Structures are given as structure tokens and as C-alpha cells.
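See structure below.
Chains as they are written, first to last, in this note's numbering: chain A, 128 to 553; chain B, 190 to 312.
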């Protein structure tokens, strides 16, 4: 018995006929050939979120980002005019990595007026211009203005900094994000500056981990302990059903609904949740964000609770009705491993009670994310076994899983077609 | 690193780390007044359930009073002893996961997975 109405076609999946309803393969999560093409087809062509504008608050503020899949490091910097720019982190003299602190392979951040190469002292302005060369007259037919830092396409939407490694991206950032995502324009992300950042190296393909955060079918089972013992049996027998799913190009979202956890009976909460007025669903005392929160409820469902936007390829922006949000990113580090980054963002605490409420939310987030991390490593191992040379079913509640693998597959197929055309014409 | 406890040691170690109304929690302060989540998580994983149950039994009922004490100050300007008190609340939250949810130090089914908190507010 459906708890919520579904589209006229009867299911969410059939509402989007391109998806099909067939069995799917997870070859895309184990094959080195697929991973190599996916890097070219997806990660070197799509706009990728590498941070927030708060990461580079002032002129000269910079961060470096190690993009293993592209074998490159980027400098993301705010220039003197306030524009956020991105460059390959490489000196144009003899290729030395310019910006690093403890070790060349570690990301770093800071503030400066010019970037100075540690090797021979070449200097670059915040706009990438090469403006000093040690013993310049020793070089031959040399014009240093032709040796600025190599720029990477960089743009900002709603305070989220994106880069695109393509030589000329076919779409602007805004066109790429599409109407469903950019409808969030004006959501007060900029007010949520109290951050809890997490990082993990996880032994599974990035898509498998993304899948665990874009379907809630697994929640009553793998995360049975999210429900207190008093409610666990009921939660499991009810299962999970979402009131709204939506696809827009390669992007997708799911909404959940329900009464805020604070209004549940006391034995539906853990004691620490009652004591801190917070928990897995976030602080109970909500900031006043005003009534005009655009884009958060595209399905117009009653009592929305979560709006979970999966921005292609590797970004999740999960907005809570109670006034905070989470951001996840998945960076492939090999065909069978990835680096996960997760951040919880809150309006800043004004006193210790608010700080403890945010702490409780951040602690509980980690507890249950660790269950995903432990379990998905097992999924990866199983999918690498000969038993996995088969195809697998997906339910209607897993429509977003189906859509991610299809979207990635479509981009890879398009890339492979172009490549074979290029070979034919060569 | 700003750990509170170490500072107290360096300054000749006052008799108490916590504000006087919380003298009953003093015996847990050396172990659990920890400034960062990585330290608190490591302490939890290195503790036995009976150690954490003893800490939880004493500190959990006093969370409201501890926070009320700290709330009398600006968050960014907590005196050292109040700051340590807030750290004790953070640690109570940490051990409550083991006491209330898992009934063991480790997360069930986390296997060997790690998830490092690499940036957080202070205090």
C-alpha cells in the first residue's frame, strides 16, 4: 500500500521512461577500463565542486585541491578584484608544484599576495600572471608574460566554487546545473558558516558510496539503530517510501517528509537527543531563515523534511527543513577506491547549548556514516568476485541509483563514440 | 594544541579543572576534557564499556546544568574551566553513542572504516 501518491505511470521509475526498469550491471564499479574512460568522459568534462566561497574569504586567500583522477593539483584563489580563480598548481619554469606546506601530496590553504615557487623563486600574481623571473636575462628569447599559471575554468554558483577541466566546457556552470538545482538560488547557504568537515579514504568505487546516500530503502535495515529499540520493529516493517523523486538532466533529487524528530514521543528518541535537543536529524531549535526558501521543495509535498540534491557527477547537497545542510563529495582515487568528503553546515552557535546541539548532530552523523563505510567496502569486494558477472534488480525507491549509473554510462558512451569517430577520421 | 588540561598542568595545576559546582565530575576531567573530536573518538575507542558507563552515569544527568553554566558566558569567551566543562559535555555526547546505541565502543558494522573530522569549531 503506497503511503504517498506516485506519478500517473504508477511508479517514479516509469515516469522517466529512458531509465527502463531492467536489471543493471555494476561492471562500472569494478572495471579499470571503465574507470579510465569515466575520468575522461565525466570528471574531466563536468563542472566539479571544489569548495565554498568561505574557503577563500579575502583577496589572496587560497586552497589547493588534489584531483587524483586527473593527476593534477589545483590552486583555487580569490584575486585582488574578488574573483575566484583556479590554476594548475605548477610552475611554468620546470614544472615544480608551487603551493604546498607539509608535503607536496597534501592539500593546504593560506593567504598570500603572490605565489612564489620554492625551487627557483619565480613569482605569480593572484591572477596567474608571471611577474618575476630570477635572472630573467639569462633566458633565451624569453617573454615571461607567456608563462603565467595555467588556468582552469572556474565559476561560482550560490557560493559553491566549481571547476571544469575541459579545454572549453560545452555548457556554462549555470546551464550545466539546470533549472532544478539553480532553483535553490537565494537559499541562505552563506549564513551557514559553522562547519564540521569529515574526510575518509574508502575502499569502494565512488558510485557505490554515492548510492548509499541517494536511496533510503537501506536505512531501516543497515541503520536499524537510528530508531530507538521502542520503534525499531515498526520502522523495519514499514520500510521506506519517499514522497517525491525528480530528475533533471544528469542531476536528481529525493525529498522526505515527516514530523520533526523533536515532536516524536520521548521513547522514540535517544536520551542524548532529548538532553541536547539535537541528534541525527539536527538541532531542534531552528534558526529563523525567513519564509522564502526557494527551490527546496520542488515536489510541493506537505511537511517536507529533507531535500537531497544529487548534483552530477559527485556532489550531494542535502538541505534540512530545520535549517541546516550537508555537502558530500566523492573523488575517485582508483577504480575501486575513493576519497569521501562530508561537511555539516550550521548557522553559527551563539552559546554553549547551541554548540552542544551541533556537536550531537555531527557525532551522530559520523556514527551512521561509518556503517555505510564499513558495509560498502564489503559490497565492493563482492562485486569484484566472479559471482558478480551478472545483473541486479533495483526497486522504485532506488530510482536515483539507477539514474546515476545510467547518466555516467551515457557520458562514457558518448565519449567512447567520439573517440572511435576520431580514430576513424584519423 | 589548546587542550585545557595541558594548560592547567603548565600553569602549576590548579586543584580543580572544572568550576566548583561540578566538583563531583572532577575525577573524569583528566581523561575526558579533550578539545577535539579526534581526541574524544580515540579516547572512546581506547576505553572499556564500564569506564564509559561510569562517566556517563555521572555526567549525563548534569548536561543541562553544565550547559546552563556555560551559557552564562559568550561562547567565544569562555573561561578555561567553563571551556573544559563544555568539552566534558562533548565527551558525554561521544560516550552516549556507545552507552545508548551500540552497547560497545565501536560502531556496529563499521568494520575498520575511518571517518576523520578534519575541521571543527573551537570550543
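All C-beta atoms, glycine included, are put in the ideal place defined by N, C-alpha and C. The structure presented is a predicted model; accordingly, all values stated were derived computationally and were not measured.
Buried/exposed call for residue i, threshold 16 Cβ in 10 Å
| i | result |
| --- | --- |
| residue 235/B | exposed |
| residue 448/A | buried |
| residue 289/A | buried |
| residue 495/A | buried |
| residue 130/A | exposed |
| residue 539/A | buried |
| residue 334/A | buried |
| residue 291/A | buried |
| residue 477/A | exposed |
| residue 257/B | exposed |
| residue 433/A | buried |
| residue 215/A | buried |
| residue 170/A | buried |
| residue 136/A | exposed |
| residue 370/A | buried |
| residue 402/A | buried |
| residue 493/A | buried |
| residue 156/A | buried |
Close-in-space but distant-in-sequence residues of the same chain around residue i (CB under 8 Å, 5 per side omitted)
| i | result |
| --- | --- |
| residue 270/B | 205, 206, 207, 208 |
| residue 184/A | 205 |
| residue 506/A | 331, 335 |
| residue 285/B | 245, 249 |
| residue 212/B | 205 |
| residue 158/A | 462 |
Close-in-space but distant-in-sequence residues of the same chain around residue i (CB under 7 Å, 5 per side omitted)
| i | result |
| --- | --- |
| residue 259/A | 249, 250 |
| residue 362/A | 347, 354 |
| residue 340/A | 443, 455 |
| residue 394/A | 355, 357 |
| residue 259/B | 267, 271, 274, 275 |
| residue 229/B | 223, 279, 280, 283 |
| residue 543/A | 164 |
| residue 518/A | 150, 151, 152 |
| residue 247/A | 220, 261 |
| residue 154/A | 161 |
| residue 420/A | 314 |
Presumed contact (8 Å Cβ cut-off) between residue i and residue j, rounded CB distance
| i | j | result |
| --- | --- | --- |
| residue 312/B | residue 276/B | 7 Å |
| residue 139/A | residue 428/A | The pair is not a contact, with the Cβ atoms about 13 Å apart (cut-off 8 Å). |
| residue 426/A | residue 373/A | 6 Å |
| residue 328/A | residue 502/A | Contact flag wrong, Cβ pair sits at about 16 Å. |
| residue 282/B | residue 486/A | 6 Å |
| residue 504/A | residue 331/A | 6 Å |
| residue 484/A | residue 404/A | 6 Å |
| residue 488/A | residue 471/A | 7 Å |
| residue 256/A | residue 227/A | Contact flag wrong, Cβ pair sits at about 21 Å. |
| residue 305/A | residue 375/A | 5 Å |
Three-state secondary structure assigned by DSSP to residue i
| i | result |
| --- | --- |
| residue 291/B | helix |
| residue 538/A | helix |
| residue 243/A | strand |
| residue 519/A | strand |
| residue 305/B | strand |
| residue 473/A | strand |
| residue 501/A | helix |
| residue 250/A | strand |
| residue 237/A | strand |
| residue 151/A | strand |
| residue 161/A | helix |
| residue 217/A | coil |
| residue 139/A | helix |
| residue 272/B | helix |
| residue 262/B | coil |
| residue 131/A | coil |
| residue 391/A | coil |
| residue 296/B | coil |
| residue 510/A | helix |
Own chain, CB closer than 6 Å to residue i, minus 5 neighbours either side, in chain order
| i | result |
| --- | --- |
| residue 377/A | 439, 534 |
| residue 186/A | 205, 207 |
| residue 181/A | 320 |
| residue 389/A | 411 |
| residue 174/A | 289, 291, 300, 303 |
| residue 529/A | 146, 521 |
| residue 172/A | 293 |
| residue 325/A | 469 |
| residue 254/A | 206 |
Where are the alpha helix (DSSP H) runs, 4 residues long or more, that stay fully inside the segment 325-388 of chain A, in chain order?
-> 333-339, 346-349, 356-365
Complete beta strand (DSSP E) runs within the segment 176-215 of chain A (minimum length 3 residues, chain order) | 188-194, 199-205, 211-215
Those runs of the alpha helix (DSSP H) which lie wholly inside the segment 393-470 of chain A and span at least 4 residues = 398-403
Every unbroken alpha helix (DSSP H) inside the segment 254-337 of chain A [4 residues or more] = 300-309
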